[in-house]
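The sequence shown maps to residues 13 to 204 in our numbering. Just so it is clear, CB atoms sit at the ideal spot from N, CA and C, and this is done for glycine as well. Note that this is a predicted model, so its numbers are computed, not measured. Have a look at the structure below before the remarks.
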Amino acid sequence: MDHRSRVPSRFDGFPGALDSVTRFGIFWRRRIAGPLIALLKQGISPAKLAQTLGAGFICSMFPILGTTSLLNLAVGVRLRLNHPVMQAMNQLLGPLHLIMIVLYVRVGERIWHMHDDPFTVAEFVHCFRHASWHEFFSRFGWAAVHSISAWALTAPLFFILIYYPFRHLFFEIARRRHLASGTPRGLVPGGK
């Protein structure tokens with residue numbers, strides 16, 4: 013082959029440049045794209061997806077402001093659940109989360125046989141944003157104990173109320189999709 017018949021490349025004159033581009037492509041696929049795709053596909057069986065919704069809901073309702081994203085992340089990593097779904101749920105449930113904090117405080121006060129400590133969500137959020145940690149915890153420390161107690165008692169119930177209906181729904185959807193695609197009955201991937 014004559015050197016004049018070769019198609020010029022943008023890497024001509026840069027010895028080893030093609031090797032570095034190839035190495036970067038391999039690095040990109042192995043270290044960035046591959047793990048991201050695995051993360052998106054993680055926990056997409058019907059049972060795991062239902063577990064993701066249940067765990068995502070109860071983690072998103074944890075009654076301490078500013079902790080739900082980290083709690084979702086920790087539980088998602090530990091149980092190998094779908095992180096994007098959990099974090100999306102966390103964001104969508106934000107308004108309900110504020111209402112549930114007050115409800116959890118009131119239920120916790122009943123559990124601990126304490127008197128009602130009147131406060132509003134606006135006062136709580138204002139103190140959280142503007143007061144020192146000492147002021148905030150002296151004002152709302154027992155409210156945190158009460159709310160965490162109520163959350164811990166109700167979390168298993170919420171998980172069951174979310175997990176089993178969605179598990180059934182997701183298995184039914186998977187079964188219908190596989191029947192429509194001609195997959196033999198009983199071969200639903202990820203079925204547990």
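Task: Three-way DSSP call (helix, strand, coil) for Leu77 in this model - done: In this structure, Leu77 counts as coil in the three-state DSSP scheme.
TODO: Grab me the residues of Ile174's own chain with a C-beta within less than 6 angstroms of its C-beta, minus the 5 sequence neighbours each way, in chain order.
DONE: Listed in chain order, the non-local C-beta contacts of Ile174 below 6 angstroms within the same chain comprise Leu65, Gly66, Phe69, local neighbours out to five positions each way being set aside.
Task: Three-state class that DSSP yields for Gly194 in the structure shown - done: coil
- [ ] Classify Arg92 as buried or exposed, calling it buried when 16 or more other Cβ atoms lie within 10 Å of its own Cβ.
- [x] exposed
Open item on the list: Using only the alpha-carbon positions, how far apart do Cys139 and Phe148 sit?
Closed with: 6 angstroms
Open item on the list: Once DSSP output is grouped into helix, strand and coil, what is the label at Ile56?
Closed with: coil
- [ ] Determine, using beta carbons only, whether Gly88 and Met73 come nearer to each other than 8 angstroms.
- [x] no
TODO: Go through its chain and collect everything with a Cβ distance to Arg151's Cβ below 7 angstroms, but skip five positions before and after it.
DONE: Cys139
TODO: With a cut-off of 8 angstroms on the beta carbons, I'd call Ile113 and Pro75 a contact; round off their distance for me.
DONE: 5 angstroms
TODO: Less than 8 angstroms between the CB atoms is what I'm expecting for Arg179 and Pro58, so what's the real figure, rounded?
DONE: 6 angstroms
Open item on the list: For Gly120, which residues in the same chain have their Cβ closer than 6 angstroms to its Cβ, ignoring the five residues on either side in sequence?
Closed with: His158, Ser159, Ser161, Ala162
- [ ] With a 10 Å radius around its C-beta and 16 neighbouring C-beta atoms as the bar for buried, classify Phe182 as buried or exposed.
- [x] buried
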